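In what follows, a structure is listed as structure tokens, so that the remarks can point back to it.
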Amino acid sequence: MPTFYDFQRAPSPRRARIVLAEKGIAHEMRPVDLGTAEQLSDAYRAINPACTVPALVLDDGTVLTDNAGIAAWAEAMQPEPPLLGTTPTEKAAVASWNSKIEGECFMAIAEVLRNTSKGMVDRALPGPNNYPQIPELAERGRARLVHFLDRFEEHMQGREWAATGSFSLADITAGVALDFAGWVKVDVNEGRPAVAAWREKLAQRPSFSL
């Protein structure tokens, strides 16, 4: 059985946790306490030298250390229900929207949080190395986030799901990202009825309560 290294409150492992739940893939969960910097310990570095969560250790010893790899493995291991699309066009749409959401939304929020949080002084980027906070990046990140949300609201008007006609990895990434926006005190629903309706549907999925 795979071993999943997780931190309950963090958005990145939550994405992988939802994928595994949607796929029904059994796994053993082991917590990594980011609050006490356990990810920087020698024991965890031996598992994932990048010092990040999530990490998924497979039965053959392979270690997957990012959401892209975990999602690709899960889709191959358990094709149903499909999360990466079924036709070439759907696969392209899911990949494209997932990339947009990561780069334009997730990273914008991370820029705000990591460059303003008192608990992240000198930890402005995840990983084994320390980097100082840059206040200007927080200002840019907040502006980028609002711009993305407005574009996403326009995109979601008349749509049921983010990338295709079915629930996909893009919905997982976007749903977790928009929940994450609450950490930087941005109300993503305000003035965005299509986004609010879509988030309400996501909240009804059991995997999103994990």
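For the sequence shown, this note's numbering assigns the number 1478 to the initial residue and increments by one for each residue that follows.
Each residue gets a CB set at the ideal place from its N, CA and C atoms; glycine is no exception.
Since this is a predicted model, take the numbers as computed values, not measurements.
Annotation for M1584: the continuous alpha helix (DSSP H) segment containing it runs M1584 to R1591. CA-CA distance, T1513 to F1484, rounds to 11 Å. Taken in chain order, the complete beta strand (DSSP E) segments of 3 residues or longer contained in the stretch 1479 to 1517 are 1480 to 1483 and 1505 to 1508. Comparing C-alpha distances from L1626 to each of P1603, F1583 and P1612 shows the shortest one belongs to F1583. Between the beta-carbon of R1676 and that of G1659 there is about 11 Å, and that puts the pair past the 8 Å contact cut. Under the three-state reduction of DSSP, L1655 is assigned to helix. Counting only unbroken stretches of 4 or more residues, the alpha helix (DSSP H) elements lying wholly within the stretch 1535 to 1588 are 1544 to 1554 and 1565 to 1578, in sequence order.
When rounded, the separation of the alpha-carbon atoms in P1670 and Q1610 is 34 Å. Remark: three or more beta-carbon pairs, one from each stretch, lie closer than 8 Å, so the stretch 1587 to 1594 and the stretch 1603 to 1620 are flagged as touching.
The stretch 1556 to 1566 and the stretch 1639 to 1655 touch, with no fewer than 3 CB-CB distances between them shorter than 8 Å. Between the stretch 1598 to 1605 and the stretch 1545 to 1554 there are fewer than three inter-stretch CB-CB distances shorter than 8 Å, so the stretches are not counted as touching.
Nearest in C-alpha terms to A1639, of all of G1596, E1567 and E1616, is E1567. If you look at R1636, you'll find it isn't in any alpha helix (DSSP H); DSSP assigns it neither H nor E.
Per DSSP, reduced to three states, the secondary structure at R1621 is helical. Using a Cβ distance threshold of 8 Å, A1585 and L1622 count as a contacting pair. With contacts defined by Cβ atoms closer than 8 Å, N1544 and A1493 form a contacting pair. One Cα belongs to K1662, the other to A1620, and the distance between them is close to 13 Å. Within the model, the alpha-carbon separation for H1504 versus S1576 is close to 27 Å.
Comparing C-alpha distances from V1530 to each of Y1521, D1536, E1631 and A1548 shows the shortest one belongs to Y1521.
Closest option to G1596, judged by alpha-carbon separation, among K1678, L1511, E1667 and V1534: L1511.
The three-state secondary structure of A1520, taken from DSSP, is helix.
In the displayed model, L1602 falls within coil according to three-state DSSP, outside both helix and strand.
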